[in-house]
Every structure is written in C-alpha cells, then in structure tokens.
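J.: In this note's numbering, the protein residues as written are 3 to 284.
Backbone N, C-alpha and C define an ideal beta-carbon position, used for all residues, glycine too.
The structure presented is a predicted model; accordingly, all values stated were derived computationally and were not measured.
1) Just list the residues that DSSP pairs residue 107 with in beta bridges.
2) Please classify residue 101 as buried or exposed, where buried requires at least 16 neighbouring CB atoms within 10 angstroms.
3) Using a Cβ-Cβ cut-off of 6 Å (strictly less than) and excluding sequence neighbours within five positions of residue 191, which residues of its own chain qualify?
4) Taking only the alpha-carbon atoms, compute the straight-line gap between residue 161 and residue 180 and give it to the nearest angstrom.
5) Which residue wins for smallest C-alpha separation from residue 151, given the options 116, 174, 173?
6) Among the residues of its own chain, which have a CB less than 6 Å from the CB of residue 86, if the five just before and after it don't count?
7) Which of helix, strand or coil does DSSP assign to residue 95?
8) Pick out the complete beta strand (DSSP E) segments inside the segment 122-167, 3 residues or longer, and give them in chain order.
9) From the DSSP output, in three-state form, read off residue 220 for me.
10) Output needed for residue 9: all residues of its chain with C-beta closer than 6 Å, excluding positions within five of it in sequence on either side, in chain order.
11) For residue 92, collect the residues of the same chain with a Cβ closer than 6 Å to its Cβ; drop the 5 residues on either side in sequence, then sort them by chain order.
12) Which value, in whole angstroms, describes the spacing of the CA atoms of residue 62 and residue 185?
13) Exposed or buried, which one is residue 47 when buried takes at least 16 other CB atoms within 10 Å?
14) Report yes if the CB atom of residue 105 is closer than 8 Å to the CB atom of residue 64, and no otherwise.
15) Nearest CA to the CA of residue 164: which residue from 128, 201, 129?
16) Which class does residue 11 belong to by DSSP, given the choice of helix, strand or coil?
17) By alpha-carbon positions, which one of 178, 199, 15 ends up nearest to residue 146?
18) Please look up how many angstroms separate the CB atoms of residue 157 and residue 59, rounded, as I've assumed it's under 8 Å.
19) In angstroms with no decimal places, state the Cα-to-Cα distance between residue 169 and residue 187.
20) For residue 50, which residues in the same chain have their Cβ closer than 8 Å to its Cβ, ignoring the five residues on either side in sequence?
21) In the DSSP assignment, the beta strand (DSSP E) including residue 174 goes from what residue to what residue?
22) Alpha carbon to alpha carbon, what distance is there between residue 248 and residue 14?
23) Please confirm if residue 23 has its CB atom under 8 Å from at least one CB of chain C.
24) How is the beta strand (DSSP E) around residue 60 delimited, first residue to last?
25) Taking only the alpha-carbon atoms, compute the straight-line gap between residue 167 and residue 230 and give it to the nearest angstrom.
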C-alpha cells in the first residue's frame with residue numbers, strides 16, 4: 003500500500019495480491035478516508051493512552067461521538083438512563099429523536115441513587131450516560147458508586163468527561179466502560195477545531211466504529227493534526243486552569259458578601275464525588 007499523503011481520501015495498493023491480502027485480513031492498511039487515516043489514528047492512540055483505554059474513536063464533533071455511541075450501543079426496545087442537567091443538545095437527541103427508534107429514556111437527578119436503582123430494577127436499561135462535571139451546572143456524579151450499581155444489572159456506563167479532562171479525572175479508572183469528550187474544548191484547546199472522542203473497552207468502541215463508518219461523521223486529517231497539537235499542551239493548560247480557579251475560589255471565600263463566599267465553599271465537596279480528583283478547574 004502506498005500513501006498518497008496524509009490528506010488523501012483514498013489509498014493505493016501496489017498490486018492485486020495486496021488487495022486480496024487486505025480483504026482476507028493478512029495485510030493492515032488504510033483504505034478510504036471515511037474509515038480512518040494515519041493522522042486520526044495517531045490522535046486516537048494518544049487519547050487512549052491519556053485515558054488508559056483499550057481503544058479510542060475520534061469523530062467530527064462531540065455530538066457526533068455521543069449520538070453515534072447511543073445508536074450503536076442501545077438497540078430498539080432498549081432503555082437509556084441519563085441525568086437531568088446534561089448538555090441540552092444531548093438531552094434533546096435522547097428525548098426527541100431516540101423514541102422514534104423505539105428507545106426509551108429515563109431522566110434522573112445526578113447522584114439520586116434511589117431513582118437510579120428504581121430505573122435499573124424496573125426498566126430494560128442497557129446504558130447509563132452522564133456528564134461529570136455536567137454542562138452547564140458543573141455537578142459531579144459519583145462514578146464509582148454509579149458504575150457498581152449499573153454493572154450489577156449488566157448496564158454499561160458512559161461518562162462525558164469534557165469538563166474534567168483526563169488530567170483531572172480518569173473515569174475508566176473509577177469503573178466507567180466508556181469516556182467521551184467534546185475534544186473541541188480542553189483537549190484541542192485553541193478554539194480552532196471541532197472534534198469528538200470516545201475511549202474505552204475495545205469491544206464497545208468497535209461496535210460504535212462500525213456505525214461511525216456508515217454514518218460518516220469523520221474527522222479530517224488537518225483537524226486531527228490540530229487536535230494532536232493541542233494534546234501536547236493539555237497538561238500545562240489544565241494545571242494553569244486549576245491554579246487560576248483555586249485562586250478565584252480563595253478570593254471569593256474572603257469576599258464580604260455571604261452568598262459569594264457560600265458559592266465558593268460549595269465547590270469543595272464535589273471533587274471527591276467525581277470518582278477521583280477533578281482539580282479546581284470548576
């Protein structure tokens with residue numbers, strides 16, 4: 003196989019035997035841009051390493067990642083459990099579109115473990131999805147406890163960790179099966195690229211990848227290059243965010259207005275609830 007440059011849409015084979023070997027699984031090769039390219043693969047490998055994941059799928063946006071994941075992993079007649087203050091476009095997709103595919107959605111408050119147990123006991127749920135921290139209210143969920151409860155019922159757990167990043171919290175280490183990012187935000191970090199990422203167990207990622215290849219929400223090589231550039235400074239940027247946020251919280255705690263001080267104090271317990279340290283970026 004000859005690469006015709008990183009930005010090509012198609013890849014050439016040297017001869018017919020290479021085509022036969024590729025089709026019969028004896029040759030690893032890129033084939034067509036919608037199925038991946040070297041730059042996107044490098045990006046997926048980097049994010050998988052950051053999250054401690056078996057595999058990663060990078061797509062054109064965070065919404066592409068979440069919608070493809072939901073449709074790939076929840077079959078018609080299935081049920082999703084989600085939390086009430088997830089990103090509104092995600093909830094809109096779940097509540098307005100998924101019912102057209104005969105997929106039900108149960109919405110509970112973050113960390114309402116009684117409601118979660120009731121949903122697990124009374125529905126055919128196969129997936130729990132939440133952000134942690136949530137967008138825009140920045141509430142953290144107890145990933146450890148939720149994962150244990152869901153896994154006891156055979157339910158997969160996917161956590162959108164966009165606001166946390168793998169620098170502050172690794173959802174997979176605390177029991178989640180999948181972790182999702184709008185890579186447009188912290189991972190890329192420069193406000194010049196749209197991308198999404200889903201990382202976790204290889205078996206689940208492969209299910210999502212199959213549908214991803216059909217739907218076509220792919221990342222172009224240049225966007226993947228920009229995302230790789232952003233990943234190089236991710237730790238530096240997030241640590242600076244953390245220090246700045248901690249300093250703001252400290253000053254708010256010293257503010258004479260009680261409501262301001264109380265708001266700063268309310269940030270403190272959620273870090274431990276996130277299933278790990280979320281730093282001070284909230």
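T.: Let's see:
1) In the chain shown, the residue the question calls residue 107 occupies position 105. Answer by DSSP bridge pairing, in chain order: 82.
2) Reading the chain shown from its first residue, position 99 is the one you call residue 101. Under this definition residue 101 is an exposed residue.
3) Translated into positions along the chain shown, residue 191 becomes position 189. Beyond the five residues adjoining it in sequence on each side, residue 191 comes within less than 6 Å, by CB distance, of 232, 239 in the same chain, given in chain order.
4) On the chain shown, residue 161 is found 159 positions in, with the first residue counted as 1. On the chain shown, residue 180 is found 178 positions in, with the first residue counted as 1. Roughly 6 Å separates the two Cα atoms.
5) Walking along the chain shown from the start, residue 151 turns up at place 149. Measuring from the Cα of residue 151, the nearest candidate turns out to be 116.
6) Position 84 of the chain shown, counted from the start, is the residue given in the question as residue 86. Only 109, 111 meet the Cβ criterion.
7) Within the chain shown, numbered from 1, the residue matching residue 95 stands at position 93. It is helical.
8) 127-133, 158-162
9) Sequence index remark: in the chain shown, residue 220 carries index 218 (1-based). Note: residue 220 maps to coil in three-state DSSP.
10) One-based indexing of the chain shown puts residue 9 at position 7. The residues 223, in chain order, have a CB closer than 6 Å to that of residue 9 in the same chain once the five nearest residues on each side in sequence are set aside.
11) Here residue 92 refers to the residue found at position 90 when the chain shown is read from its first residue. Here the set comprises 68.
12) Locating residue 62 in the chain shown gives position 60, where the first residue counts as 1. Locating residue 185 in the chain shown gives position 183, where the first residue counts as 1. Their Cα atoms are separated by approximately 9 Å.
13) The residue labelled residue 47 in the question sits at position 45 within the chain shown. By the 10 Å Cβ count, residue 47 comes out exposed.
14) Counting from one through the chain shown, the residue named residue 105 turns up at place 103. Counting from one through the chain shown, the residue named residue 64 turns up at place 62. No.
15) On the chain shown, residue 164 is found 162 positions in, with the first residue counted as 1. The option with the nearest alpha carbon to residue 164 is 201.
16) Against the chain shown, residue 11 aligns to sequence position 9. Correct three-state label for residue 11: coil.
17) The sequence position of residue 146 within the chain shown is 144, counting from 1. The candidate whose alpha carbon is nearest that of residue 146 is 178.
18) By one-based count along the chain shown, residue 157 stands at place 155. By one-based count along the chain shown, residue 59 stands at place 57. About 21 Å separates the two Cβ atoms, so there is no contact after all.
19) Mapped onto the chain shown, residue 169 falls at position 167. Mapped onto the chain shown, residue 187 falls at position 185. About 14 Å.
20) Indexing the chain shown from 1 puts residue 50 at position 48. Excluding residues within five positions, the ones whose Cβ falls inside 8 Å are 56, 57, 58, 201.
21) Against the chain shown, residue 174 aligns to sequence position 172. That residue, residue 174, is in no beta strand (DSSP E); it is neither H nor E in DSSP.
22) Start at 1 with the first residue of the chain shown, and residue 14 comes out as number 12. Start at 1 with the first residue of the chain shown, and residue 248 comes out as number 246. Each residue's alpha carbon lies about 53 Å from the other.
23) No chain C appears in this structure, which consists of one protein chain only.
24) Counting from one through the chain shown, the residue named residue 60 turns up at place 58. If you look at residue 60, you'll find it in the beta strand (DSSP E) that goes 57-61.
25) Here residue 167 refers to the residue found at position 165 of the chain shown. Here residue 230 refers to the residue found at position 228 of the chain shown. Residue 230 has its alpha-carbon roughly 15 Å from the corresponding atom of residue 167.
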